[in-house]
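One structure below.
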Amino acid sequence: MYCNQCGQPNSNDAKFCSGCGVRLLNTPTQSELPQQNTKLSPLRHLWLMFLFVISVIMIIGVFPYQVITGNFEFTYVFALCLWFWVLSYTYPQIFPKKLKTKSHQAFNALDEAELWLNKQDVKTSSVYFNAYDDPYLLKNMGATLLVGVGENSKAEHVGFAVEVKQGCGVLSSLIIEPSGIASQDKKAAHIARMNGKYMIDVLNQMAIQHRIKYPQ
């Protein structure tokens, strides 16, 4: 898609223009959370389902046989333990739990950042963000990094990155200018992991480079 203000081409999933930083039209404003891709390939799903069904059948068959006959030889006990292990391995992959706790943690983290956002004149009701808790990306142990955008009292977009910790509030913070750089958080996370840097520092460097390349 193209920016209505400067004409800069952007990817279809971009939230902000990479040229001028203005928010693109028809982009969602809800909070977004990075989620691990747990979708299995059809072949792997079929194989795991096969193992799951076989393990259930074997457990149902072997265990009652042992109880009825009183035969607790090592071979049968080992087979029973093996199929229990197969069952415990396949079940979580076939029926993964929904990541409800992740969302709860992220919104608690936003509560921790509320005071800081208010000081920056950012309305919390307008904020949308991505949350990161990978310890290799964070300056502060046990913290959560929020990267997002909100509106101030002048209806201007304000990009931010804050590391927050429960009961401690904001530990590290950054105002991202232009705010559109905040939408490149996944790119920043990748760069940080590849180079062993803190994500908040990478975002700051990306913003500086953008301002140098596109001076206003």
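Residue numbers (UniProt numbering): 1 to 216.
Ideal Cβ positions, reconstructed from N, Cα and C, are used throughout, including at glycine.
Computed from a predicted model, the values in this text were never measured in an experiment.
Pair within 8 angstroms by beta-carbon distance, residue i and residue j
i: I200; j: K139; result: yes
i: D185; j: V149; result: no
i: K123; j: E156; result: no
i: L203; j: I176; result: yes
i: V86; j: S55; result: yes
i: N130; j: Q166; result: no
i: S179; j: G159; result: yes
i: F50; j: Y91; result: no
i: F84; j: I59; result: yes
i: Q93; j: L48; result: yes
i: V164; j: A207; result: no
i: Y136; j: R193; result: yes
i: D121; j: S88; result: no
i: L82; j: F63; result: no
Where the beta strand (DSSP E) through residue i begins and ends
i: L145; result: T144 to E151
i: A161; result: H157 to K165
One or two residues paired with residue i in a DSSP bridge
i: I200; result: DSSP output for I200 lists no bridge partner at all.
i: N130; result: V147
i: L174; result: A161
i: G180; result: Answer is none; G180 lacks a bridge partner.
i: G61; result: In DSSP, G61 forms no bridge with anything.
i: V122; result: N152
i: G169; result: K165
Segment limits, alpha helix (DSSP H) that includes residue i
i: I191; result: D185 to N195
Chain B within 8 angstroms of residue i, Cβ atoms only
i: D111; result: In the structure shown, chain B cannot be found, because there is only a single protein chain.
Whole-angstrom C-beta distance between residue j and residue i, which should lie under 8 angstroms
i: Y132; j: L115; result: Wrong, their Cβ atoms sit about 21 angstroms apart, outside the cutoff.
i: I181; j: H210; result: 6 angstroms
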